[in-house]
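In my numbering, the protein residues as written are -2 to 454.
All C-beta atoms in this analysis are idealised placements derived from N, C-alpha and C, irrespective of residue type, glycine included.
Note that this is a predicted model, so its numbers are computed, not measured.
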DNA sequence: TTTTGAGTTGTTCGA
DNA sequence: GTCGAACAACTCAAA
């Protein structure tokens, strides 16, 4: 008999608990689910296919026949492949997204009919959902107490494995856009780093050894510096496991806290799957979001007239990635300055970010919008000019992504309205007045709060 | 049960 | 320019 290792968001061979659990010949399988392929943004779809090519090569290099790729609903594909290759077990790393949980339940059921076991032997997290609990056993809803418990747990060590891949596979069922066996060697480096396990390890060692990890607390907010890890997409696709990341950066850096946020948001979404698209705090359903598609389009296009907002939105559109600080700035602008629903922004991010992940994305947006658990206070409204001047002090980030402002020197790039030549190259005027928009947002949030208080008395 | 301390990432105003 | 206070009370988590 053989084990099928069904790859999903763990596209690597090293530090892979599902692979390590295999004790028979391994058939490595990936299922191209049309539902997922059409819902993922183009950038992430392309990244996925490139990552699959990389995984396929790695399997061949370690003596196997390559990665078996089938197209279809996993509920049909898994039992079919199990029958073809004579497998009695399917090993996976757990997928805790609402979609993944639902799918895996259905697949396990379909497999059990065929008397094939499905076993989850790893997760994409350091401490997966439902494992970090309060003293009374309940789940946390505030980050800091979660962090206190999380950081006191022992750090899991990377997992070793030496799987025996089968040397013969049944034929692939490749769609026209699937990875070919002999891909062109021009895999684009999408947004935050080159693709695949080896590239992720190289990015990680660069981050750890260059001192960037040690400077992370200071530099991660700087829009104009390579201060972030650039590992978001690699972690999203599981080209690298956070265990391996921690083993390199050490357990005491500010970066570790970000790993904890990743686990925390996965935990929150696990027990509140509706949080993906609905306010965690339903009392905020009363917020008077506007319904202005034209303003939304202006935001998407990076033509708001606020340089740092537009730089962020254009970085996203052009590279598939946006600096985390910029994500907060543009999110604050959409929800507070324009009073447009956070779901619109979250959808746009998911469609365009190479590292887009439902848990971190939706809950991050809810934090900005003030509708989540443990949210930002409603009066915390980012001033796009101050944020730009603080985190892009020389205007380099703006000039890089907004060519109409490339002629403005230094921090003048943040205030084209104060420069005599600020609008000479077609940069748009400010779509709203921030000071007034801020007052409007405060009024709107205060009104919801007042209504809430009336309702409770 | 009650109490106590604390809460990712900001901005503005006035001294 | 720099600093502290106000924003506005509310909820969580633990003792």
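Neighbour-count burial assignment, residue i, 16 or more Cβ in a 10 Å radius
i	result
residue 304	buried
residue 324	buried
residue 165	exposed
residue 131	exposed
residue 373	buried
residue 189	Low local confidence applies: a pLDDT of 44 at residue 189 is under 50, so the model's placement there is unreliable, and no value is given.
residue 120	buried
residue 385	buried
residue 415	exposed
residue 295	buried
residue 447	exposed
residue 239	buried
residue 106	exposed
residue 59	exposed
residue 11	buried
residue 362	buried
residue 454	The pLDDT assigned to residue 454 is 46, lower than 50, so where the model puts this residue is not dependable; a value taken from the coordinates is nonetheless given after this. It counts as exposed.
residue 489	This structure gives no information on residue 489, because the portion of the chain shown stretches from -2 to 454.
residue 223	exposed
residue 24	buried
residue 19	buried
residue 154	exposed
residue 306	buried
Whether residue i touches residue j by CB criterion (9 Å)
i	j	result
residue 331	residue 318	no
residue 377	residue 389	no
residue 192	residue 316	no
residue 51	residue 195	yes
residue 314	residue 302	no
residue 350	residue 40	yes
residue 9	residue 97	no
residue 85	residue 110	no
residue 381	residue 431	yes
residue 402	residue 424	yes
residue 281	residue 140	no
residue 393	residue 221	yes
Beta-carbon proximity list for residue i, same chain, < 6 Å, skipping 5 on both sides
i	result
residue 252	210, 213 and 246
residue 22	-1, 161 and 163
residue 28	67, 71 and 74
residue 270	95
residue 61	162
residue 429	334
residue 237	197 and 231
residue 91	117 and 120
residue 352	229, 230 and 233
residue 57	63
residue 16	2, 158 and 160
residue 180	Residue confidence is low: residue 180 scores 44 on pLDDT, short of 50, so the model does not pin down where it sits. Its coordinate-derived value is still stated next. Correct list, in chain order: 50.
residue 167	81
residue 355	94 and 273
Assigned secondary structure, residue i (DSSP; H/G/I helix, E/B strand, else coil)
i	result
residue 220	coil
residue 350	coil
residue 168	coil
residue 252	helix
residue 263	helix
residue 234	coil
residue 330	helix
residue 185	A caution first: residue 185 carries a pLDDT of 40, below 50, which makes its placement in the model too unreliable to give a value.
residue 84	strand
residue 281	helix
residue 379	coil
residue 205	helix
residue 373	coil
Residues that DSSP places opposite residue i in a beta bridge
i	result
residue 117	89
residue 136	130
residue 25	2
residue 65	26
residue 96	Answer by DSSP bridge pairing: none, since residue 96 is not bridged.
residue 162	23
Contact set for residue i: own chain, Cβ-Cβ below 7 Å, skip 5 residues either direction
i	result
residue 267	93, 126 and 127
residue 104	71, 72, 75 and 115
residue 248	152
residue 277	269, 363, 368, 369 and 370
residue 419	405 and 413
Close Cβ partners of residue i (< 8 Å) along its chain, the five nearest in sequence each way excluded
i	result
residue 441	284, 285 and 336
residue 243	123, 152, 253 and 256
residue 379	325, 326, 329, 330 and 333
residue 272	265, 266, 359, 360, 363 and 369
Residue i: CB within 8 Å of a non-hydrogen atom of the ligand GDP
i	result
residue 352	Of ligands this structure carries none, so the ligand GDP is not represented either.
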